[in-house]
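Engineer: Residue numbers (this note's numbering), protein chains in the order written: chain A, 1 to 126; chain B, 1 to 511.
Ideal Cβ placement from N, Cα and C applies to all residues, glycine included.
Provided herewith is a single structure, encoded as structure tokens, for subsequent inquiry.
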Amino acid sequence: MNKKYNLEKGNLGENIARRYLENKGYIIVDQNYRNKYGEIDLIAKEKNNDSLVFIEVKTRIGEQFGIPEDAINFKKKDKLIKNAQAYISWNKKAKNFNSYRIDAVCIVLDEGKQIKRIDHYENITG
Amino acid sequence: MFIKVLSATNLGLETIGVDVEINIANRGLPGFEIVGLPGKTVDESRERVRTAIINSQIEFPARRIIVNLAPADLPKQGSFYDLPIAIGILASVLEFKIPENSLFFGELSLDGTVRHTKGALLLSLFAREKGIKNIFVPKFSANEAAIIKGVNVYPIQSLSQLLGYCLGRVNIEPAQYQEREVGRIEAEFDMREILGQEQSKRAIEIAAAGGHNLFMVGSPGSGKTMLARALPGILPKLEEEESLEVTKIYSASGNIGPDGSLITVCPFRAPHHSISLVGLVGGGSRPLPGEISLAHRGVLFLDEFTEFPRSVIESLRQPMEDGRLTIARSMARITYPSRFILIASANPCPCGYLYHPKKACICNQREVNKYRKKISGPILDRIDLHVEVPIVDAKDFSEDEESAPLGRGESSSQIRERIIKTRDIQRNRFSQDEIFTNAEMKNTQIKKYCLLSGEVKRLLVQAVMNFHLSARSYFKMIKISRTIADLEGSEQITAAHLAEALQYRPKNRES
């Protein structure tokens with residue numbers, strides 16, 4: 001596998017997640033936010049809620065090498081928290097929110113890049 | 001869904017109940033965590049449980065699993081939480097009821113089979129004490145657990161078998177206890193194979209009969225080691241009560257192999273003199289029993305006594321007196337019993353030929369003194385019987401070899417008969433006391449059971465004055481006389497009995 005392939009897969013997954021969340025009633029504020037610590041896949045807010053949600057999207061093709069949930073370990077969560085904190089302190093869009101939350105969306109695709117399952121986990125660091 | 005499974009942990013010889021609480025949440029990122037102060041082995045249990053469940057052809061739930069081991073402040077160690085955790089997860093996922101009033105205990109293999117796990121006996125004792133009816137233990141530990149009557153011991157072969165039982169598909173019969181001849185130590189020599197050495201043989205017999213300690217001094221090749229190695233052959237079997245005490249220690253320390261049963265043979269431990277202090281008396285952050293406790297109700301043979309480090313020898317003082325030892329460490333304070341017969345042997349000097357009738361000793365006085373100082377007075381004073389093992393004359397030896405190839409004198413089994421009789425006398429005598437042998441008598445018991453006639457008393461007082469015996473030795477002499485009288489089946493301690501006992505006093509021969 002190469003980097004280009006992974007990037008493609010990631011973008012595909014992020015777009016699937018974006019559509020999925022929009023259907024669920026989230027408003028996407030930012031996609032692929034980058035700073036010097038790393039990146040946040042999606043940043044969204046809930047329609048009837050005052051909270052800003054940072055979303056990590058994990059995509060896997062097939063589950064024989066482990067489920068995407070396994071990839072979100074302690075280290076990854078720690079990184080996500082630091083990134084979110086950086087976003088909150090540096091970005092104007094993050095003002096005027098009462099609460100913040102980190103979510104994960106795990107997507108499993110089959111060989112033909114069709115969605116096998118999609119799971120949304122709320123507040124993974126809580 | 002929340003599930004609670006009962007288990008227990010062993011701390012020394014005590015058992016503490018542990019509740020294994022399992023919660024599988026429907027929300028949250030999938031994960032598997034164990035809380036409640038798990039040690040390394042308990043933490044690794046996650047991987048064993050996960051793999052064992054998958055290899056039992058059951059899907060491992062991709063949900064948030066939290067396992068809590070309560071009480072949460074007690075540090076948990078050991079691999080036996082695998083089975084309760086696994087069955088708890090399965091019960092939660094497949095929604096069946098865990099058998100009530102049951103304890104679970106056992107280490108899982110990655111393929112889903114259950115391995116032999118140490119401490120099963122203590123667990124069934126605990127279950128009986130707490131009124132828990134059923135215990136589920138590994139198949140190979142079931143016989144050990146079934147020693148205790150009144151508890152249903154279910155032998156578990158694999159996780160899928162236990163699952164089948166819980167779902168009502170498979171029937172498991174409770175294990176019935178079967179005695180097996182395991183751990184039997186055959187004596188290397190028969191007593192009659194040992195040539196000459198009548199006095200030493202007699203001393204060994206007295207030691208075995210009354211549970212007395214014995215110190216043998218002699219030149220190299222005189223047969224000290226052989227005498228000690230012949231001892232297991234004349235020791236009686238353990239009484240039921242003793243047997244359980246010994247088996248408990250062996251179970252707790254993982255010295256009972258798969259499919260083990262009650263230990264009925266007197267333990268015989270002969271550690272090498274390179275042993276450490278902790279190895280001898282026990283220790284570790286969660287203290288394990290040392291050789292002295294593994295020799296409980298049996299024999300601790302310390303060959304080349306003078307070669308042991310001084311600190312190691314001195315550490316024997318309290319356990320020899322009290323018959324138990326409390327090991328205090330930061331994590332736990334544990335008392336192990338250590339009522340053993342100490343058989344020690346040493347040379348009289350570094351070259352070994354002091355007092356030898358033919359060979360010259362090449363040690364100077366300073367070396368001899370230094371050698372003797374390795375064993376302190378307090379230790380020697382605690383040893384009841386002291387014998388000098390003379391060398392065997394080569395002439396007798398070759399003659400004996402021709403005329404009696406199997407040796408002369410009594411065989412081990414004949415001597416053992418006599419010792420069993422003597423032990424019976426002692427047991428009847430001490431039926432109201434919590435001791436088994438004469439050597440264990442306290443001063444009040446000596447006064448009660450060892451009445452001395454005026455003549456015997458006079459002889460004893462005279463001996464104490466002439467030989468400068470200590471107060472402890474005074475009582476030891478009475479105890480030895482009691483054993484000698486018992487060997488003869490005599491109710492009264494006579495002057496002859498005492499006179500023989502005095503032969504075994506600590507001697508301070510000047511060179």
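Can you list, in chain order, the residues of its chain whose CB lies under 6 Å from that of Gly-210 (chain B), leaving out five sequence neighbours each side?
Structural biologist: Correct list, in chain order: Thr-437, Asn-438, Ala-439 and Thr-483.
Engineer: Starting from Leu-29 (chain B), find everything on chain A with Cβ-Cβ shorter than 7 Å and list it in chain order.
Structural biologist: In chain order: Glu-69, Ile-72, Ala-104, Tyr-121 and Ile-124.
Engineer: Can you tell me whether DSSP reads Asn-6 (chain A) as helix, strand or coil?
Structural biologist: Asn-6 (chain A): helix per DSSP, three-state reduction.
Engineer: Reducing DSSP to helix, strand and coil, say where Leu-238 (chain B) ends up.
Structural biologist: Coil, per DSSP.
Engineer: Regarding Lys-95 (chain A) and the ligand FAD, is the C-beta to nearest heavy atom distance less than 7 Å?
Structural biologist: With respect to the ligand FAD, the structure shown offers nothing to examine, as it has no ligands at all.
Engineer: Looking only at C-alpha atoms, which of B:Ala-72, B:Arg-50 and B:Lys-97 sits nearest to Ser-109 (chain B)?
Structural biologist: Considering only alpha carbons, the answer is B:Arg-50.
Engineer: Using the Cα positions of Asp-103 (chain A) and Thr-9 (chain B), report the straight-line distance between them to the nearest angstrom.
Structural biologist: Using only the alpha carbons, I get a separation of about 39 Å.
Engineer: For a contact defined as C-beta to C-beta under 7 Å, what are the partners of Ala-62 (chain B) on chain A?
Structural biologist: Neighbours of Ala-62 (chain B) on chain A, chain order: Ile-67 and Glu-69.
Engineer: When DSSP labels each residue in this structure, what does Met-386 (chain B) get in the three-state scheme?
Structural biologist: The identity of residue 386 (chain B) in the sequence shown is His, whereas the question assumes Met. Three-state result, His-386 (chain B): strand.
Engineer: Is it true that the CB of Leu-238 (chain B) sits closer than 8 Å to the CB of Ile-263 (chain B)?
Structural biologist: Result yes, Cβ atoms of Ile-263 (chain B) and Leu-238 (chain B) sit closer than 8 Å.
Engineer: Roughly how many angstroms lie between the CA atoms of Asn-143 (chain B) and Ser-293 (chain B), to the nearest whole one?
Structural biologist: Between Asn-143 (chain B) and Ser-293 (chain B), the C-alpha separation is close to 23 Å.
Engineer: Going by alpha carbons, who is nearest to Gly-62 (chain A) out of A:Thr-125, A:Val-108, A:Ile-118 and A:Asn-15?
Structural biologist: Nearest of A:Thr-125, A:Val-108, A:Ile-118 and A:Asn-15 to Gly-62 (chain A), Cα basis: A:Val-108.
Engineer: Which residues does DSSP list as the beta-bridge partners of Phe-308 (chain B)?
Structural biologist: Partner(s): none; Phe-308 (chain B) has no beta bridge.
Engineer: Could you tell me the distance, in whole angstroms, from the CA atom of Asp-111 (chain B) to the CA atom of Ser-160 (chain B)?
Structural biologist: Using only the alpha carbons, I get a separation of about 10 Å.
Engineer: Expressed to the nearest angstrom, what Euclidean distance is found between the alpha-carbon atoms of Asn-23 (chain A) and Met-331 (chain B)?
Structural biologist: Approximately 56 Å between the Cα atoms of the pair.
Engineer: Hey, out of B:Gly-409, B:Ile-275 and B:Leu-244, whose CA is closest to Ala-145 (chain B)'s CA?
Structural biologist: Among B:Gly-409, B:Ile-275 and B:Leu-244, the Cα nearest to that of Ala-145 (chain B) belongs to B:Leu-244.
Engineer: Is Gln-197 (chain B) near Leu-162 (chain B), with beta carbons less than 8 Å apart?
Structural biologist: No; because the gap between Cβ atoms is not below 8 Å, this pair is not in contact.
Engineer: Residue ranges of each beta strand (DSSP E) run of no fewer than 3 residues wholly in the stretch 19-93 of chain B, ordered along the chain?
Structural biologist: Entirely contained in the stretch 19-93 of chain B, the beta strand (DSSP E) runs reaching 3 residues are, in chain order, 31-35 and 64-70.
Engineer: Output the distance between the C-alpha atoms of Leu-7 (chain A) and Arg-63 (chain B), rounded to the nearest integer angstrom.
Structural biologist: If you take the alpha carbons of Leu-7 (chain A) and Arg-63 (chain B), they lie about 28 Å apart.
Engineer: Using alpha carbons as the reference points, say which of B:Val-392, B:Leu-342 and B:Asn-26 lies closest to Gly-221 (chain B).
Structural biologist: Comparing Cα positions, the closest option is B:Val-392.
Engineer: Closer than 6 Å by C-beta to Pro-271 (chain B): which residues in its own chain qualify, once you throw out the five before and the five after it? Chain order, please.
Structural biologist: Answer for Pro-271 (chain B): Glu-291, listed in chain order.
Engineer: Looking only at DSSP bridge pairs, what is Ser-411 (chain B) linked to?
Structural biologist: DSSP lists no partner for Ser-411 (chain B).
Engineer: If I measure Cβ to Cβ from Leu-235 (chain B) and keep anything under 6 Å in the same chain, skipping five residues before and after, which residues do I get?
Structural biologist: So the qualifying residues of the chain are Ala-208 and Cys-266.
Engineer: For a test of the three-state rule: what should DSSP assign to Ser-102 (chain B), helix, strand or coil?
Structural biologist: In the structure shown, Ser-102 (chain B) sits in a strand (DSSP, three-state: E or B).
Engineer: Hey, could you find the ends of the beta strand (DSSP E) Gly-135 (chain A) is sitting in?
Structural biologist: Residue numbering for chain A in the displayed model covers 1 to 126; residue 135 (chain A) lies beyond these limits and cannot be assessed.
Engineer: Glu-56 (chain A) by DSSP, collapsed to three states: which one?
Structural biologist: Residue state, collapsed to three classes: strand.
Engineer: For Gln-426 (chain B), is the classification buried or exposed, using 16 other Cβ atoms within 10 angstroms of its Cβ as the cut-off for buried?
Structural biologist: Buried is the call here.
Engineer: Looking only at its own chain, which residues have a Cβ that is under 7 Å from the Cβ of Asn-369 (chain B), when we skip the five neighbours before and after it?
Structural biologist: None.
Engineer: Roughly how many angstroms separate the alpha carbons of Met-441 (chain B) and Ile-3 (chain B), rounded to a whole number?
Structural biologist: Distance between the alpha carbons of Met-441 (chain B) and Ile-3 (chain B) is about 52 Å.
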